[in-house]
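Working notes, beginning with the structure itself.
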Amino acid sequence: MGRPGLLGTWILSALLLAFVQVEAAPEVTGVSRLGLVLLPWMASGLFPRADGAVPFPSFLALSLPLLAIAAALDLRGGRTLGETIQLIGPAGLAWMLWAKARSVGGQQVGYKVCWGLLVPGSAALLLALGWAGAGAPTHAVPQALGWLARLNPLVWTWAATRSQGLVEAGLDPLPVLAAAAVLVVCAWEHRARSEVDP
Amino acid sequence: MKVRFALLWLVWLGAWAGPLQAGENRRWLATYELEGPLERLILEVEGFGETVWSVGLAGGERTTLDLPVPGIQGTPSLDGWASVPAPRVTSVPKGASVVFAGWRTPQPGEPFFGAQDLARRARPPVPGGDVSPGAASLALALAALVLGLAWCHRPRTALVLGLVAGLGCGLLVLTRPTDAGPRRVLEGQVGALSWFEVWGRRGRLVGSFERVEVQPAGAPLRIDVGDEEEISAPGRALYGLRSVPALDRYPPLAEVWVRTPRGEWSGRGAWSGGDELLRPPVEGAAAPGWLRGQLPQGVGVLLGRFPGPGQRWLRVIGFLERD
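Chains as they are written, first to last, in the numbering used here: chain B, 1 to 198; chain L, 199 to 521.
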């Protein structure tokens, strides 16, 4: 992602923050600002790497002021430090792991396939299952498809953004982190193999 | 006797669930017999929050206390309060002598017994300004964006800049001054011995109240009972109502509005209070809408704003202007 994409992400996350500030509806007041601001950064940070992309540290640097404002607003708005850490801890770690996998093998086909399947693919499947009324599927196929969404860091972060969202969705951070860690290992191995056997 | 009690219960239930009941009382008194050594006591009511009593008792010291708790599970039945479970107790040190002696009756916060109904009173608006980022932090974030975009191909410099700007933004939001304090409305009827005071504040109320409500309803509360009683629900609007002695003379007011028994409003500017005559009607802003709400018809009313930086207001019902 180049500078225009970076600027777009910044504007999007600032708009989300502004929306929650202005909109005082009860369903919005329980939402974590930190989670909302993090979502656009996460989504664009996972995107398969293209030539001329901004290095991840610079990408992270631009997100930090808005994330800090959102976290401080959460704390001022009643969220405890523990709740904030419960959100940013797993979400931030998953983001870093994905970013590492992306920097190591972001241009590899494997990364692009994993990204397509686990990020937009699984989110779309989850949405489709919800629309089809399979919120608690009993059949093996929708269950397996639904399980794929449990590996998606964006789905986890979105659920953690809403109060009680993780409990309602029955989500755990471990599958998300495990999937991201596996992705990093695979990207390293693939690169090592291609360096040995060009 | 049972019939009388049943009628009493029905009337109470009606008062409790009636249309004027805007919120749920979040301060109930439970009686405890305590014996030291006792350092701290935590009373927890599931779904409502907890009370932390930290006054402490020395070894062998005994006392009976009415402790406020943030809710009750269920409603009292025909048998009285027996069906309402006691709060869950945690004592420090563990195993200290703490005996639940029942719920206090009558509860001072219930409208039927004390007529202390918050729904009939003017509630001061509680600003939600506690959770706004402020211009300084937004300006810093924008400056960091411009510099970050310029230096985005120097990752280390950009990261240091982002960390410093992030820390600065976070601190600027966290250290923004909060509201000036509680908003208060003193209200009473001419000739009554006891008046009411309604306090409204976001996040925290300090003082002893007979009735407490929280908006949005259902938020867990924490009540700390020490030298003072402190009720907290971060980010939520808290309202407390308490009885105060009636004023024996009108205080100086920065701004006054008067309504005649026929319903004609007029602004009167500042007033030095006491027996002084009010100024003739002046052009100016009308009284705030929330202050004019829930007023009885057909009687004179005086509304006023106390001087000074704090937000304190006065409502006198049955006020008749001297000629």
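The C-beta atom is built at its ideal place from N, Cα and C for all residues, glycine as well.
Counted within 10 angstroms of its Cβ, other Cβ atoms place residue i as buried (16 or more) or exposed
| i | result |
| --- | --- |
| W251 (chain L) | buried |
| F19 (chain B) | exposed |
| Q108 (chain B) | buried |
| W131 (chain B) | exposed |
| W147 (chain B) | exposed |
| G105 (chain B) | buried |
| T261 (chain L) | exposed |
| L338 (chain L) | buried |
| P443 (chain L) | exposed |
| L7 (chain B) | exposed |
| I11 (chain B) | exposed |
| P283 (chain L) | exposed |
Residues that residue i bridges to, as DSSP identifies them
| i | result |
| --- | --- |
| R400 (chain L) | L:A435 |
| V344 (chain L) | V344 (chain L) pairs with nothing; no bridge assigned. |
| A68 (chain B) | Answer is none; A68 (chain B) lacks a bridge partner. |
| W547 (chain L) | No information on residue 547 (chain L) is available, as it lies outside the stretch 199 to 521 that chain L covers here. |
| V155 (chain B) | V155 (chain B) pairs with nothing; no bridge assigned. |
| V267 (chain L) | L:W226 |
| I421 (chain L) | L:T249 and L:I429 |
| R286 (chain L) | L:E242 |
| W469 (chain L) | L:L451 |
| G386 (chain L) | L:V514 |
| Q413 (chain L) | L:A435 |
| S464 (chain L) | L:V456 |
| L236 (chain L) | L:L255 |
Contacts of residue i in chain B (Cβ-Cβ under 7 Å)
| i | result |
| --- | --- |
| A363 (chain L) | L64 and P65 |
| L359 (chain L) | A61 |
| A339 (chain L) | P65, L66 and I69 |
Partners in chain L for residue i, counting only beta-carbon separations shorter than 8 Å
| i | result |
| --- | --- |
| W10 (chain B) | L343 |
For residue i, the three-state DSSP class (helix, strand or coil)
| i | result |
| --- | --- |
| E259 (chain L) | coil |
| V499 (chain L) | strand |
| G111 (chain B) | The sequence shown places Tyr at residue 111 (chain B), rather than the Gly named in the question. Helix. |
| A132 (chain B) | coil |
| A299 (chain L) | strand |
| A452 (chain L) | strand |
| V324 (chain L) | coil |
| D74 (chain B) | helix |
| W488 (chain L) | helix |
| E481 (chain L) | coil |
| W147 (chain B) | helix |
| W349 (chain L) | coil |
| R381 (chain L) | strand |
| Q305 (chain L) | coil |
| P26 (chain B) | Summary for P26 (chain B): the model assigns pLDDT 48, below 50, so the residue's position carries little reliability; its value from the coordinates is reported in the next sentence. In the structure shown, P26 (chain B) sits in a helix (DSSP, three-state: H, G or I). |
| L200 (chain B) | No information on residue 200 (chain B) is available, as it lies outside the stretch 1 to 198 that chain B covers here. |
| E83 (chain B) | helix |
| S32 (chain B) | coil |
| G278 (chain L) | strand |
| E519 (chain L) | coil |
| E231 (chain L) | strand |
Any chain L beta carbon closer than 8 Å to residue i
| i | result |
| --- | --- |
| P55 (chain B) | yes |
| P26 (chain B) | Any answer about P26 (chain B) is weak, because its pLDDT of 48 lies below 50 and its placement is not dependable; what the coordinates show is given next. Chain L, which has a Cβ nearer than 8 Å to the Cβ of P26 (chain B), makes this yes. |
| Q86 (chain B) | no |
| R102 (chain B) | no |
| L93 (chain B) | no |
| L34 (chain B) | no |
| R162 (chain B) | no |
| R3 (chain B) | yes |
Residue-level contact to chain B via CB, residue i, 8 Å cutoff
| i | result |
| --- | --- |
| R225 (chain L) | no |
| T334 (chain L) | For clarity, residue 334 (chain L) is Ala in the given sequence; the question names Thr instead. Not an interface residue. |
| P443 (chain L) | no |
| L347 (chain L) | yes |
| I515 (chain L) | no |
| L211 (chain L) | Because the pLDDT at L211 (chain L) is just 43, under 50, the model does not fix this residue reliably, and the value given afterwards should be weighed accordingly. False, the Cβ-Cβ gap to chain B never drops below 8 Å. |
Any non-hydrogen atom of the ligand ADP closer than 7 Å to residue i Cβ
| i | result |
| --- | --- |
| C350 (chain L) | Ligands in the displayed structure: none, and consequently the ligand ADP is not present. |
Under 8 Å by beta carbon: chain B residues contacting residue i
| i | result |
| --- | --- |
| G368 (chain L) | A68, I69, A71 and A72 |
| R592 (chain L) | No statement about residue 592 (chain L) is possible, as the shown extent of chain L runs from 199 to 521 and does not include it. |
| R354 (chain L) | P57 |
Partners in chain L for residue i, counting only beta-carbon separations shorter than 7 Å
| i | result |
| --- | --- |
| L75 (chain B) | L372 |
Listed by chain order, chain B residues near residue i by CB distance under 9 Å
| i | result |
| --- | --- |
| P331 (chain L) | L17, Q21, I69, A70, A72 and L73 |
Interface partners of residue i on chain L, CB under 9 Å
| i | result |
| --- | --- |
| L7 (chain B) | L343 and L347 |
Min CB distance residue i to chain D below 8 Å
| i | result |
| --- | --- |
| A179 (chain B) | Considering every chain present, this structure includes no chain D. Its protein chains are B and L. |
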